[in-house]
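First the structure, in the form of C-alpha cells, and then the observations on it.
Protein chains: 2
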Amino acid sequence: MPPPKPSPLGDEWLTALQESGYRLTAPRRVIVEIMASCERALSPLALFDLGRKSQPRLGLVTVYRTLEKMEELGLVQRVHQPDDCHMYLPAARGHQHLLLCQNCGRAVLFDGDEMTAFFESVAEKTGFAIRDHWLQLFGLCANCQ
Amino acid sequence: MPPPKPSPLGDEWLTALQESGYRLTAPRRVIVEIMASCERALSPLALFDLGRKSQPRLGLVTVYRTLEKMEELGLVQRVHQPDDCHMYLPAARGHQHLLLCQNCGRAVLFDGDEMTAFFESVAEKTGFAIRDHWLQLFGLCANCQ
DNA sequence: CCTATAATTGAAAAAGATTTTCATTATCTT
DNA sequence: AAGATAATGAAAATCTTTTTCAATTATAGG
Numbered sequence: 029m030p031p032p033k034p035s036p037l038g039d040e041w042l043t044a045l046q047e048s049g050y051r052l053t054a055p056r057r058v059i060v061e062i063m064a065s066c067e068r069a070l071s072p073l074a075l076f077d078l079g080r081k082s083q084p085r086l087g088l089v090t091v092y093r094t095l096e097k098m099e100e101l102g103l104v105q106r107v108h109q110p111d112d113c114h115m116y117l118p119a120a121r122g123h124q125h126l127l128l129c130q131n132c133g134r135a136v137l138f139d140g141d142e143m144t145a146f147f148e149s150v151a152e153k154t155g156f157a158i159r160d161h162w163l164q165l166f167g168l169c170a171n172c173q
Numbered sequence: 029m030p031p032p033k034p035s036p037l038g039d040e041w042l043t044a045l046q047e048s049g050y051r052l053t054a055p056r057r058v059i060v061e062i063m064a065s066c067e068r069a070l071s072p073l074a075l076f077d078l079g080r081k082s083q084p085r086l087g088l089v090t091v092y093r094t095l096e097k098m099e100e101l102g103l104v105q106r107v108h109q110p111d112d113c114h115m116y117l118p119a120a121r122g123h124q125h126l127l128l129c130q131n132c133g134r135a136v137l138f139d140g141d142e143m144t145a146f147f148e149s150v151a152e153k154t155g156f157a158i159r160d161h162w163l164q165l166f167g168l169c170a171n172c173q
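Those protein sequences? They're chains A and B, same order as listed. Under our numbering, the first residue of the first sequence is numbered 29, with each subsequent residue one higher. Under our numbering, the first residue of the second sequence is numbered 29, with each subsequent residue one higher.
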C-alpha cells in the first residue's frame, strides 16, 4: 500500500516537527499523516497497524516516539475515556472540548467559552486558583442514535 | 499497626459490599477503610503500601480486586489526570465534579447543575444525544497558592 | 553531489502494571 | 460446628511501554 496522500494538516505538522529540529523520515511521515486525518481516537497499536500498511517495516517503538513528539508540540492529545486513556486524537485548540460517540467513536469538537464564568464561581467558592480544565461529553452521534 | 478506625462512610461501603453478596474479610475491611477516608487520589500500589501497615500479609492482587468491586458498586471512581489515569478516589455523587490541586493532590468536589443548559445547546448544535459528561478542574488549592 | 555528523530506526531485552491460575484459608449459612 | 463456596496471596503469565544498541538515514557543509 502506498503512503497516504499528504493533507494540509499533515503538512503543517511535518513543518512543525522540522522547525523543532526533528528530522522528517518515512516512518514519521506516515504516522503524522494518519494522525492528522483521523476522525476517531487511535491507540498506539491501532496506529501501528495502520502505519504498517504503507510502511511494513515500521516499528511500534517509532509510533510511541512519534506520538510523544506530536504531543509535546501540541499537535495531538491523549483522549481519556472511562475505560481507556491511551488513545490519541488531533489536539483541540483554544477553548475547544471533545464530544465522543459511545457507539462509533467519532470525535467532534465544540466550543466552551461560555463556561469561563462558571469556572470563576467555582474558584470563588473553593478558594482554588483554577489553571486548567477538562471537559468531555459522551453520547451518540446523529448516525448512531 | 492496628487497623484504621471505622468511619461512617467506610461502614456504609462495607454494607454495600455485603448486600451485593461479597464477604467481609480482614484485607477488604482495611482497603475499604483507607479508600473511604482518603482525601487525595491513591494508586493501587499506594493503597497496597498503606494497607500493609495494618495488614502485612496483604497481596497487591487483593487491592486490585477490591478496587474493581468498589468501582463496580459506584463507591470509588478512577481519577483521570493528564499524566496518570490510574488513581482512585471516593466517587462523586449526582452532578458533582472533581477539582484537583496540582501541587498537593487534594481533591475537592463541586456542583455542576448549572451546566445542563450548556450541554443541551451543544446537543442541539452537534446532533448528538448526550448521555454522559466529564468535567474536571485543575489548579492550586488555597494552601498551595 | 559527496561526506561527515548526529538523529532515527527497529529488534530485542527490560521494566512495569495488571491479570490469571491455583492451592490454601476464611467467611457465612445451616 | 461443619460444609459449601468465596476470597486470599504467591507465582506465573500477559500486556503495554521504555530502554538499549548496532545499523541506517536525513541533513548541513564542503
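All residues carry an ideal CB built from backbone N, CA and C; glycine is no exception.
Own chain, CB closer than 6 angstroms to residue i, minus 5 neighbours either side, in chain order
i	result
Ile158 of chain B	Phe147 and Ala151
Leu165 of chain A	Leu127
Leu86 of chain A	Pro55, Gly79 and Arg80
C-alpha distance - residue i paired with residue j, whole-angstrom precision
i	j	result
Arg57 of chain A	Gly49 of chain A	15 angstroms
Thr43 of chain A	Ala135 of chain A	25 angstroms
Gln46 of chain A	Glu142 of chain A	36 angstroms
His7 of chain B	Arg106 of chain B	Lying before the first or after the last residue shown, residue 7 of chain B is absent from chain B, which here runs from 29 to 173.
Asp39 of chain B	His123 of chain B	24 angstroms
Arg93 of chain A	Asp77 of chain A	15 angstroms
Ala170 of chain B	Gln173 of chain A	44 angstroms
Trp41 of chain B	Ser71 of chain B	19 angstroms
Cys129 of chain B	Glu99 of chain B	23 angstroms
Lys97 of chain A	Pro84 of chain B	43 angstroms
Ser149 of chain A	Asp112 of chain B	27 angstroms
Pro110 of chain A	Leu88 of chain B	23 angstroms
Leu163 of chain A	Leu163 of chain B	4 angstroms
CB-CB length for residue i against residue j, believed under 8 angstroms
i	j	result
Val104 of chain A	Ala120 of chain A	The pair is not a contact, with the Cβ atoms about 10 angstroms apart (cut-off 8 angstroms).
Thr90 of chain B	Pro34 of chain B	Rounded, the Cβ-Cβ distance is 19 angstroms, inconsistent with contact.
Phe156 of chain B	Gly167 of chain A	4 angstroms
Thr154 of chain A	Phe138 of chain B	6 angstroms
Gly140 of chain A	His125 of chain A	5 angstroms
Residues near residue i by beta carbon distance below 8 angstroms, same chain, minus five either side
i	result
Glu37 of chain B	One point to set straight first is that residue 37 of chain B is Leu, not Glu, in the sequence displayed. Around Leu37 of chain B: Ala64, Ser65 and Pro118.
Leu75 of chain A	Ile59, Ile62, Met63, Val91, Leu95 and Tyr116
Asn131 of chain B	Leu168, Cys169 and Cys172
Beta-carbon contacts of residue i that lie in its chain and below 7 angstroms, excluding the five residues immediately before and after
i	result
His161 of chain A	Phe147
Ala69 of chain B	Val107, Met115, Tyr116, Leu117, Gly133 and Ala135
Glu67 of chain A	Arg134 and Ala135
Burial state of residue i (16 or more Cβ within 10 Å)
i	result
Glu61 of chain A	buried
Leu52 of chain A	exposed
Leu73 of chain B	exposed
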